[in-house]
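Working notes, structure below.
Numbering (the numbering used here), first residue to last: 33 to 400.
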């Protein structure tokens, strides 16, 4: 069974109700300080940590005096604009004493659906994690509309887990796991410790997405679990309002684990391999050997570019004799690739007029 102690890269989802006192609209500062201790503990093991956090609207509506009623879209966006500053500052203030750098990453659904923007956000978060920073990810509520909203940060957390190749995700919830029925209504309901597969029977137990806090939004959590586990990421649902919830989970607190299907890296490679190429890159013998040893494809090793493709679109990689070497997601358009083929990475800026990425296809975006 998966565990926090075995995580290589961890995504944690934090809901508004955990961060913000609904009655006062103020931050639950002590709870957040405890979470910061948990993050520091986990990072000390060498685990990368990404936090997917709600709370900007809840914080902002209190500052603007908007009360507890339903907000119009423009009011929600205004509240998010005010609250996001406070939310980012709160995370920074709590994590900085532990020597942890924080970074704010705001996304919309379009960022995950557009391949180029998906790769850009993935590269940004990979770079941040490489520097040891903790990205604080939230939906960009200041500009998101109903048509492009994730709508629930459970879904966003699962998508972020897929984007960064996490092997463990944790949804901090108002319930301590997934039950056979609503435990507040059915005294016979029992919690699953482990769900091997999300079957139609399991889905039926989740109930309605709109059944309220007493159900814990289990429909959306189940959707998140399906997304995460399908990409090779184990996912846990556990009660989050207690102090130091990740430490509690680490020490065996009640939860439900969803078993992943394979390894996240293997799942990503399979996804890329199944794509239809929009073009071809022929490489020399040196580049072919480098690819077989797990290296990225640099422009210097490319001898020919065919087809018409955009940034983030799949291309087939061919060896010197035309043999297939794999498929990868290009970091340049076909026009740009033709200009920089055969050139060293240090020459890219002078050729294109801007400093591009060193690799034409990064090894993480390649199935060979």
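Where is the CB? At the ideal position from N, CA and C, for every residue including glycine. Because the structure is a prediction, the values reported are computed rather than measured.
Buried or exposed: residue i, going by 16 or more other Cβ atoms within 10 Å of its Cβ?
| i | result |
| --- | --- |
| residue 383 | exposed |
| residue 325 | exposed |
| residue 289 | buried |
| residue 218 | exposed |
| residue 37 | exposed |
| residue 54 | exposed |
| residue 39 | buried |
| residue 209 | buried |
| residue 333 | buried |
| residue 328 | buried |
| residue 156 | exposed |
| residue 244 | Low local confidence applies: a pLDDT of 32 at residue 244 is under 50, so the model's placement there is unreliable, with the coordinate-based value given in what follows. Flag for residue 244 reads exposed. |
| residue 362 | buried |
| residue 56 | exposed |
| residue 184 | buried |
| residue 62 | exposed |
Check whether the Cβ atoms of residue i and residue j lie closer than 7 Å to each other.
| i | j | result |
| --- | --- | --- |
| residue 48 | residue 87 | yes |
| residue 369 | residue 312 | no |
| residue 398 | residue 346 | no |
| residue 237 | residue 66 | no |
| residue 104 | residue 52 | no |
| residue 134 | residue 124 | yes |
| residue 330 | residue 400 | no |
| residue 84 | residue 169 | yes |
| residue 107 | residue 98 | yes |
| residue 252 | residue 186 | yes |
| residue 277 | residue 160 | no |
| residue 195 | residue 154 | yes |
| residue 272 | residue 50 | yes |
Going by C-alpha to C-alpha distance, which of the options sits closest to residue i?
| i | options | result |
| --- | --- | --- |
| residue 41 | 112, 67, 162 and 104 | 162 |
| residue 392 | 381, 386, 385 and 372 | 372 |
| residue 359 | 331, 74, 303 and 295 | 303 |
| residue 93 | 110, 211 and 138 | 110 |
| residue 96 | 115, 81 and 78 | 115 |
| residue 340 | 322, 151, 367 and 334 | 367 |
| residue 232 | 254, 99 and 344 | 254 |
| residue 224 | 291, 187, 192 and 337 | 291 |
| residue 387 | 138, 395 and 377 | 377 |
| residue 202 | 257, 157, 112 and 342 | 257 |
| residue 34 | 363, 226, 335 and 152 | 226 |
| residue 137 | 317, 305 and 189 | 189 |
| residue 338 | 261, 118 and 314 | 314 |
| residue 286 | 269, 293 and 300 | 269 |
| residue 171 | 151, 298 and 113 | 113 |
| residue 76 | 385, 164, 158 and 259 | 164 |
| residue 298 | 395, 365, 80 and 355 | 395 |
| residue 249 | 260, 235 and 261 | 235 |
| residue 119 | 281, 73, 46 and 152 | 46 |
| residue 364 | 117, 342, 379 and 284 | 342 |
| residue 130 | 158, 117, 79 and 73 | 73 |
| residue 260 | 284, 279, 294 and 309 | 294 |
| residue 267 | 279, 300, 229 and 355 | 229 |
Just reading off the beta strand (DSSP E) that residue i is part of, what are its end residues?
| i | result |
| --- | --- |
| residue 80 | 80–85 |
| residue 339 | 334–339 |
| residue 346 | 346–350 |
| residue 194 | Note, residue 194: premise wrong, no beta strand (DSSP E); alpha helix (DSSP H) at 185–196. |
| residue 136 | 134–139 |
| residue 45 | 41–46 |
| residue 313 | 311–315 |
| residue 168 | 166–171 |
| residue 288 | 287–290 |
Starting from the C-beta of residue i, find all residues in its chain whose C-beta is less than 6 Å away, skip the five residues before and the five after it, and write them out in chain order.
| i | result |
| --- | --- |
| residue 296 | 197, 199, 263, 264 and 265 |
| residue 126 | 64, 65 and 68 |
| residue 390 | 377 |
| residue 132 | 166 |
Can you give me the Cβ contacts of residue i inside the same chain, cut-off strictly under 7 Å, excluding the 5 residues immediately before and after it?
| i | result |
| --- | --- |
| residue 320 | 351, 352 and 357 |
| residue 242 | Since pLDDT at residue 242 reaches only 40, below the 50 mark, its modelled position is unreliable, and no value is offered. |
| residue 122 | 59 and 64 |
| residue 192 | 43, 82, 84 and 169 |
| residue 282 | 36 and 37 |
Hey, could you find the ends of the alpha helix (DSSP H) residue i is sitting in?
| i | result |
| --- | --- |
| residue 375 | Unbroken run through residue 375: none, as it is neither H nor E. |
| residue 355 | Note, residue 355: premise wrong, no alpha helix (DSSP H); not H, not E. |
| residue 271 | Where residue 271 is concerned, there is no enclosing alpha helix (DSSP H), although the beta strand (DSSP E) it sits in stretches over 266–271. |
Which same chain residues end up closer than 8 Å to residue i when comparing Cβ atoms and leaving out the 5 residues on each side of it in sequence?
| i | result |
| --- | --- |
| residue 221 | 211, 212, 213, 214 and 215 |
| residue 246 | Reliability of the predicted coordinates at residue 246 is poor, the pLDDT of 29 falling under 50, and no value is obtained from them. |
| residue 335 | 314, 315, 316, 352, 373 and 374 |
| residue 151 | 343, 344, 361, 363 and 397 |
| residue 158 | 196 and 396 |
Of all the CB atoms in chain B, is at least one closer than 7 Å to the CB of residue i?
| i | result |
| --- | --- |
| residue 96 | Among the protein chains of the structure shown there is no chain B, as only one such chain exists. |
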